[in-house]
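Oh and the sequence shown: position 463 is 570 in my numbering, straight run, nothing missing. For glycine and all other residues, C-beta sits at the position ideal for the given N, C-alpha and C.
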Amino acid sequence: MPMSASSPVMLAVAALCCALLFCADASVHDYTGERFAALGNAFVLSGGSEGVYASPAADSFIRFEKVAFKRTKESAASAEEDGNRTATITAVVSEAADRDAVGGSDARALCCTPDMASRGTCTEGSLVHRAPNSTASGSWPKVLSASFLPGALEAVFPDETVAVARTGMYSLRFVHCDASLDAAAEGKTIWKNSRGYGYLPGRMAPLLAFYGVMSLAFAALAAFWFLRYTRFWREVVPLQNLVTVVIALGMVEVTTWYLDLAEFSESGVRPAGTTFWAATAGAVRRTVSRVLVLLVAMGYGVVRPTFPGGGGGAGARVAALGLAFFAASEALEVGEHVGAVSDHDHSRLFLVLTVAALDAAFICWIFAALSRTIGRLKARRMAAKVELYRRLATSLTIAVAVSLGWITFEVHFKSTDGYQSERWRVAWVIPAVWQLISFALLCAVCLVWAPSHDSTRFACSDECGDDDGGDDVEDGARPLMIGAGPLSYVDNWACYVTQDAKIILRTDSGVYAKTGQEDKRV
């Protein structure tokens, strides 16, 4: 059963509503009832893992604020039955690369076993962790603990600040070894980078400066386009109006991302509203860009006088593909930046594959349409337009080749767990390069289609027919190719005679019509 045109939009709206219900990623990690999960012979709750930039000023830190654990009454009663046994929860802050900071020789034995206790290396039932090593950056790992007093339902960690003097990927884990303890977390931890990056997660911190530069780059491109547009506004063709829309959407996208990250850096909590609109602007810009390139490839405004018709024709197919791409791209962007979808989540994988498949459909359609359009232009001996489309085809081929290469690198980077090693510091380059590729392609289109005094030379005149029929003349016209003669000063020309005796002369410099004794340039 075919999907209606509104179905993709409804799917996107539903995905957005679900995503907005989740807490956004932040450098202020709130704990609101999270519980421990069994790991080996221990119970572990992850308190966060982020890259932190340090500086000689020692202004980077991980701060505990009102972090507490509340256990159930049943769990407290069980402890009383065992002679008011004291249950202890340990917080360990360490560099992510230093994975042997917690646990014994057996990777799954995080808690001290009777065999370990018999050797005198630890106390049975307690967490096994390496003694802090004193280094130039302090004693690591940092170990804090909180205990449930007999009959108490709450264990509170002290409000302590852990200074970070060395740049690295740090992780916080809460661990206990009591199988009868059922406790939930409350409070928050605050992770702050050195001055200049604020509360941004380390792998995102350089993006603030990047989007600032991109905002200036889009402003420069917009200024160039605006000057050309105002200077030759009488010669502007419909395609150039669409390019103007894409430039405006790009400016809105990068500027909104910059404002989003700036607020994130200041407050430590990502503003869901700003992030949502930035992601939406990006999805709209990518959709409009692809549809624009497809329309150009199909010859709209150059070979076709109007947009392809609706119904079951090319226009309906373009609209359907555009709506589907927007729905998938919007769901992916909002879910990734606003929601709580991780890199390894199956939902994200499904959306990534969907967007990739729709992108591939756009690319195949664009190049097939380009081939047909160039063939038609060659048949009509329109050398200037052929050269224009060849430059566009070259730009698109380079962009696709670079994109394929970058996709390969991104898959390798993420599959080798780049965020957990020292490579987290260059993780920001992945989204940055995608922005640069799209911006470079937009610049190429702007240079090829910049408004000029002869913009209308590349436009389709009113006498252009619809290419759906395969010809470029109006109904009833009989093409008569005339050899060199009095008009030999032009490179290419052709003459058409319609059934109503109107003569149409097409040259590289324009289209002329003659009816009776009246000559007219059209």
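Spatial neighbours of residue i within its chain, please: C-beta separation below 8 Å, excluding the five flanking residues on both sides.
i       : result
Phe-432 : Arg-393, Thr-394, Arg-397, Val-462, Leu-465, Asp-466, Phe-469
Leu-368 : Leu-307, Met-311, Leu-314, Leu-315, Tyr-318
Tyr-336 : Val-343, Gln-347, Thr-351, Pro-558
Glu-293 : Tyr-138, Thr-139, Gly-140, Lys-173, Val-174, Ala-175, Phe-176, Lys-177
Trp-535 : Arg-310, Met-311, Ala-312, Pro-313, Leu-314, Phe-317
Ile-481 : Val-493, Tyr-496, Arg-497, Ala-500
Glu-261 : Ala-175, Phe-176, Lys-177, Arg-178, Phe-255
Ala-547 : Ala-506
Glu-181 : Asp-289
Glu-187 : Pro-257, Gly-258
Taking DSSP as the reference, what is the three-state secondary structure of residue i?
i       : result
Ser-278 : strand
Trp-556 : coil
Phe-168 : strand
Gly-380 : helix
Val-400 : helix
Ala-491 : helix
Asp-266 : coil
Ala-545 : According to the sequence provided, residue 545 is Ser. The question's Ala does not apply to it. Note: Ser-545 maps to helix in three-state DSSP.
Trp-247 : strand
Glu-570 : Bear in mind that the predicted position of Glu-570 carries a pLDDT of just 43, short of 50, making it unreliable; the figure below should be weighed with that in mind. In this structure, Glu-570 counts as coil in the three-state DSSP scheme.
Arg-226 : coil
Leu-260 : coil
Ala-272 : coil
Ala-312 : coil
Tyr-318 : helix
Gly-375 : coil
Would you list the residues sitting across from residue i in a DSSP beta bridge?
i       : result
Ala-194 : Phe-255
Leu-234 : Cys-218
Ala-350 : Reading the sequence as shown, one finds Val at residue 350 and not Ala. DSSP output for Val-350 lists no bridge partner at all.
Leu-152 : Phe-281
Lys-485 : DSSP output for Lys-485 lists no bridge partner at all.
Arg-178 : Ala-290
Ile-297 : Val-135, Arg-170
Glu-157 : Tyr-277
Leu-146 : Ala-149
Val-200 : Lys-249, Leu-279
Val-631 : With the chain covering only 108 through 629, there is no way to say anything about residue 631.
Go ahead and label residue i buried or exposed: buried means 16 or more other beta carbons lie within 10 angstroms of its beta carbon, across all protein chains shown.
i       : result
Leu-554 : exposed
Lys-173 : exposed
Arg-280 : buried
Pro-221 : exposed
Val-518 : exposed
Glu-157 : buried
Val-320 : exposed
Ser-595 : Unreliable positioning characterises Ser-595 in this predicted model, as indicated by a pLDDT of 40, which lies under 50. A coordinate reading is not provided.
Val-371 : Reading off the sequence shown, one finds Phe at residue 371, where the question assumed Val. Buried is the call here.
Asp-575 : For Asp-575, the predicted model reports a pLDDT of 45, less than 50, meaning its position is unreliable; a value from the coordinates is still stated below. That one is exposed.
Ala-508 : exposed
Arg-487 : buried
Ala-184 : exposed
Gly-583 : Low confidence applies to Gly-583: its pLDDT is 39, below 50, so where it sits in the model is not reliable enough to give any reading.
Gly-357 : buried
Asp-189 : exposed
Cys-471 : exposed
Leu-334 : exposed
Lys-295 : buried
His-560 : exposed
Is residue i near the ligand SAH, going by C-beta to nearest heavy atom under 6 Å?
i       : result
Phe-150 : Judged by which ligands are present, the structure shown has none, so any question about the ligand SAH falls away.
Starting from the C-beta of residue i, find all residues in its chain whose C-beta is less than 6 Å away, skip the five residues before and the five after it, and write them out in chain order.
i       : result
Val-533 : none
Ala-224 : Glu-231
Gly-275 : Glu-202
Gly-429 : Thr-394, Val-398
Ala-404 : Ile-473, Ala-476, Leu-477
Thr-193 : Ser-254
Trp-298 : Ser-134, Glu-157, Ile-169
Tyr-304 : Tyr-160, Ala-312
Gly-155 : His-136, Leu-279
My assumption, with CB atoms under 8 Å, is that residue i sits in contact with residue j. Please give the rounded CB distance.
i       : j       : result
Trp-364 : Ala-385 : 5 Å
Ile-354 : Leu-323 : That pair is no contact at about 14 Å.
Val-445 : Thr-382 : 5 Å
Thr-197 : Val-263 : Incorrect: roughly 14 Å between the Cβ atoms, too far for contact.
Cys-284 : Ser-233 : 7 Å
Ala-145 : Cys-218 : Not quite, the Cβ-Cβ distance comes to about 11 Å (not below 8 Å), so this is no contact.
Note down, in chain order, each residue of its chain lying with its Cβ closer than 7 Å to the Cβ of residue i, except the 5 sequence neighbours on either side.
i       : result
Arg-341 : none
Val-269 : Phe-168, Ile-169, Val-200, Lys-249
Ser-436 : Ala-390, Arg-393, Thr-394, Val-462
Ala-388 : Leu-356, Val-359, Glu-360, Thr-363
Trp-531 : Gly-158, Met-276, Gly-309, Arg-310, Gly-525
Hey, does residue i have any beta-carbon neighbour from chain B nearer than 7 Å?
i       : result
Tyr-304 : You won't find chain B in this structure, because it holds only one protein chain.
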